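Visitor: Quick note on the working numbering: the sequence shown kicks off at 20 and runs consecutively.
Ideal Cβ placement from N, Cα and C applies to all residues, glycine included.
Bear in mind the structure is a predicted one, so any value in this text is a computation, not a measurement.
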Amino acid sequence: MSDNLILLLYLLLLSGFILLLNLVENGMIRQPLLLKYREWYPLAIQFFLGGLFSSYVVFYFQSAALTKNWLFLLILVLLLVSNEFLEKRLTNLYLQMTLFFLASFSFFIFFVPVVSGYMNYFVFLLSGLIGLLSVAGMLFLLFKKFGILQRTQVGRSLVLICGIFLLINLFYFLNWIPPVPLSMKSAGIYQAIDWGIKSAAAEKAATAATLTKHM
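1) Assuming Thr110 and Leu179 are in contact, meaning their beta carbons sit under 8 Å apart, how far apart are those beta carbons, in whole angstroms?
2) Rounded C-beta distance between Met157 and Ser34? I'm assuming under 8 Å.
3) Taking the alpha carbon of Phe162 as the reference point, which residue from Ser101, Leu112, Leu144 has its own alpha carbon closest?
4) Taking Leu121 as the reference, give the member of Phe141, Pro132, Leu92 with the closest Cα.
5) Excluding sequence positions up to five away, which residues of its chain have a Cβ less than 6 Å from the Cβ of Phe130?
6) What does the Cβ neighbour count give for Pro51, buried or exposed, with the cut at 16 atoms within 10 Å?
7) What residue range is occupied by the uninterrupted alpha helix (DSSP H) comprising Arg175?
8) By the DSSP assignment, the alpha helix (DSSP H) with Ile48 in it spans what residues?
9) What residue ranges within the region 110-155 form continuous alpha helix (DSSP H) runs of no fewer than 4 residues, ordered along the chain?
10) Taking only three categories from DSSP, how would you classify Trp89?
11) Could you name the residues of the same chain whose beta carbon sits closer than 7 Å to that of Leu96, not counting the 5 residues immediately before and after it, in chain order?
12) Tell me whether Leu68 is buried or exposed, calling it buried when 16 or more other Cβ atoms sit within 10 Å of its Cβ.
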């Protein structure tokens, strides 16, 4: 859980620096100290994206069946590698929102099951909606509160993010996502996720049998 909390902190810091970068780029910040380090904000975004995507590659690779899940892993690897060359492009709003949504969705589809103790399509859908709301909340702040986005920019961003959301849901139904702990759905590993009374009872029975055998 501590690793998950660190990743959550990375996600929060990522969102903060995206907001900060957009406010600085649009002249909404006057504080000399914040303006002094404006050139570091894309680097900070790049750093946190790299930390998140590298962790996702490790987590998902550990639970992946490469014959089925290679495409999703390949996408994560490509995001990780391409992030190294995106510093000068990270001022682009659509790229920011796309990468932030992918980082959020990839995090919540294993964080929400770990916290809730359940995994099914409803939980997967909830995880995606949390990611969507994260992006929508950021767009709302930039559009309504700070007034630095046009309505068309918000609309295009949401259309793009919703398209990615639907694509990831398609990956889920095609079993192309090797999540942690989505793979536990059929692997029979119950230590981290409780799939119900029957699975818990099965684990207890197996544990009792093992203890009896060694007594």
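Guide: Let's see:
1) Going by Cβ atoms, the distance from Thr110 to Leu179 rounds to 17 Å, so no, they are not a contact pair.
2) 6 Å
3) If we check each option's Cα against that of Phe162, Leu112 comes out closest.
4) Leu92
5) Asn23
6) exposed
7) 170-192
8) Per DSSP, Ile48 belongs to no alpha helix (DSSP H) and is neither H nor E.
9) 112-135
10) helix
11) It should be pointed out that residue 96 corresponds to Val in this sequence rather than to Leu. Val76.
12) Buried, by the Cβ-count rule.
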